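**Student:** The structure's right below; bear with me while I get my questions together.
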Amino acid sequence: MTLKKGNAPHLRQNERIGMRSLDVLIVMIPLCIFSSVYYGIRPVLLVLAGMVTAVVCEALCSLIGRRRLSLSDGTAAVTGGLVGLLMSPASPYWMPAIAAAFAILVAKMPFGGAGRNLFNPAAAGMAVVTLCFSGLLFLYPDPGLSTPLPLNTTAGIITEASPAAQLASGGQSVYMWSTLLPGDFPGPIGATGIMVLAACALYLFSRRTASPLITLPFLLACAASAALFPRVPGGWQNSVMLELCSGYLLFCGVFLLNDSVTAPRHWLGRVVYGVLAGVLVMALRYYGRFEEGACFAVLLVNAFSPLIDRLCWRLVNIRRLSRQGQKR
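Right, here's the structure in full:
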């Protein structure tokens, strides 16, 4: 079987990078619809604000740098959509725009554009708004509101502590399986629909756009940490449930860690990458400044991704060569 060389970051077999981007854009639709059921059209507009800003910034960088426009690959729209989905439904429209602009102008285009960035652009954009505007980013409206969120302002809306905030404060959580699985709790636009996210993961796995070798070890590492070091009373089952469903941990495991540019290529490297990311996410939850710092964990494992890939490749191939030598 011959492999046809494609644009960075990977070899492809009659498959364009645009197809991967299209898969991610497709699964963004049900996540937006899910959030709009609770909050109206405002979450959709926030996601669109991130997407439009990312596309415009990439087009401007291409024109200024006299590069060929590469918007057809869809990576800019994916980056903007991801930062939009990680916003609070009550976030101002300029917040996803700032995150998307930083993602494209600082974390992507200076390194050469699609396929050459060292860090996940969406994670970098989220890291900036987390550091600068955490008070607005983690301010979540009550999903039980009887009316949609206003489009022009969210001043005076009823807010509610998210499960991640309750875990960070060390208080008793009021959320149970019956509340968490249907997504009836405050959180980011694209991270509260737990069952929808699970369906998105299965779709992306079937399309080989996301790898279960990354997502499943990541979730297992997070679950093990939650079981061994619970932050809430009620047994390890309650701790695991709350940790996995709160914040954007599950979203991170499905989308951010499966970026084909920054994730390892080797199967063992992907497993190690997922486990390391899970450990870092939980460490930042236990000792970090914010209720959710998964974006920082993603950036950290991105830095070690090439090293993990090389070491795992050598380990597997050294064992294979030694076995072949013994047979001879």
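So the sequence shown is numbered by this note's numbering: it starts at 69 and just counts up by one. All residues carry an ideal CB built from backbone N, CA and C; glycine is no exception. Note that the coordinates shown come from a computational prediction; the quantities given were computed from them, not determined experimentally.
#1: Tell me the residue span of the alpha helix (DSSP H) that contains LEU248.
#2: Can you list, in chain order, the residues of its chain with a C-beta nearer than 7 Å to that of ILE376? Leave out the 5 residues immediately preceding and following it.
#3: What is the DSSP secondary structure of GLN81, counted as helix, strand or coil?
#4: Could you name the residues of the same chain whose beta carbon sits closer than 6 Å to that of ALA117, not counting the 5 residues immediately before and after it, in chain order?
#5: Just reading off the alpha helix (DSSP H) that THR260 is part of, what are its end residues?
#6: Can you name, in chain order, every residue of its own chain whose Cβ lies under 6 Å from the Cβ of ARG88, other than the five neighbours on each side?
#7: Would you verify that the beta carbon of VAL151 is, or is not, closer than 8 Å to some beta carbon of chain C?
#8: Please list the segments of the alpha helix (DSSP H) lying wholly inside the region 141–200, counting only runs of 4 or more residues, in order along the chain.
#9: Across which residues does DSSP place THR227 in a beta bridge pair?
#10: To the nearest angstrom, how far is the alpha carbon of ASN185 from that of GLU359?
#11: DSSP on LEU116, reduced to helix/strand/coil?
#12: Scan the region 327–366 and note each continuous alpha helix (DSSP H) run of 4 residues or more that stays entirely inside, going in chain order.
#13: Just curious, the alpha helix (DSSP H) that PHE323 is in, first and last residue?
#14: Between ILE109 and the rest of its own chain, which residues show a CB-CB distance below 8 Å, the 5 nearest in sequence each way excluded?
#15: Identify whether PRO374 lies in helix, strand or coil by the three-state DSSP scheme.
#16: Please name the residue in CYS320, GLY142, SER156 and SER237 whose C-alpha comes closest to that of PRO209.
#17: Is it true that the region 300–319 meets the region 257–272, where meeting means three or more beta-carbon pairs spaced less than 8 Å apart?
#18: Any idea what DSSP makes of LEU71, helix, strand or coil?
#19: Find the nearest neighbour of ALA259 within the set SER214, ALA291 and PHE206, judged by alpha-carbon distance.
#20: At what residues does the alpha helix (DSSP H) containing THR283 begin and finish?
#21: Tell me the DSSP secondary structure of GLY108 in three-state form.
#22: Measuring CA to CA, which of THR330, VAL384, GLY315 and VAL347 is closest to PHE372?
#23: Look at the Cβ atom of GLY193, then the Cβ atom of ALA175, and state whether they are nearer than 8 Å.
#24: When you compare the CB positions of LEU325 and ALA195, do they come within less than 8 Å of one another, or not?
#25: Determine the closest residue to CYS125 out of ILE172, ILE132 and LEU137, with distance taken between C-alpha atoms.
#26: Buried or exposed for ILE85, please, with buried defined as at least 16 other CB atoms from any protein chain shown within 10 angstroms of its CB.
#27: Can you find the residues in the same chain that come closer than 7 Å, C-beta to C-beta, to ILE282, ignoring five residues on each side of it along the sequence?
**Tutor:** With the structure as the only source:
#1: Under the DSSP assignment, LEU248 falls in the alpha helix (DSSP H) whose first and last residues are 245–248.
#2: Only PRO332, GLY337, VAL340 and TYR341 meet the Cβ criterion.
#3: In this prediction, GLN81 has a pLDDT of 39, which is less than 50 and means its spatial position is unreliable; nothing more can be read from the coordinates.
#4: Excluding positions up to five away in sequence, the list reads TYR161, PRO164 and ALA165.
#5: Per DSSP, THR260 belongs to no alpha helix (DSSP H) and is neither H nor E.
#6: Hits under 6 Å: THR277.
#7: Annotation note: the requested chain C is absent from the structure, which comprises a single protein chain.
#8: Entirely contained in the region 141–200, the alpha helix (DSSP H) runs reaching 4 residues are, in chain order, 143–153, 162–173 and 189–200.
#9: Paired residue(s): PRO209.
#10: Each residue's Cα considered, the two are about 27 Å apart.
#11: Correct three-state label for LEU116: helix.
#12: Fully enclosed alpha helix (DSSP H) runs of 4 or longer: 335–355.
#13: Unbroken run through PHE323: none, as it is neither H nor E.
#14: Here the set comprises PRO216 and LEU219.
#15: Of the three classes helix, strand and coil, the one that applies to PRO374 here is helix, per DSSP.
#16: Closest by alpha carbon: SER156.
#17: Yes: the two stretches touch, three or more of their Cβ pairs being nearer than 8 Å.
#18: Note that LEU71 scores a pLDDT of 40, beneath 50, so its modelled location is shaky; the value from the coordinates is reported in the next line. DSSP places LEU71 in coil when its eight states are reduced to three.
#19: Of SER214, ALA291 and PHE206, the smallest CA-CA separation from ALA259 is found for PHE206.
#20: According to the DSSP assignment, THR283 belongs to the alpha helix (DSSP H) that extends over 280–296.
#21: DSSP places GLY108 in the coil class of the three-state scheme, outside both helix and strand.
#22: The residue with the shortest Cα to Cα distance from PHE372 is THR330.
#23: Yes, the Cβ-Cβ distance between GLY193 and ALA175 is below 8 Å.
#24: ALA195 sits away from LEU325, with the two beta carbons spaced by 8 Å or more.
#25: That would be ILE172, whose Cα lies nearest to the Cα of CYS125.
#26: When all chains shown are included, ILE85 counts as buried.
#27: These residues qualify, in order along the chain: LEU325, ASN326, ALA331, ARG338, TYR341 and GLY342.
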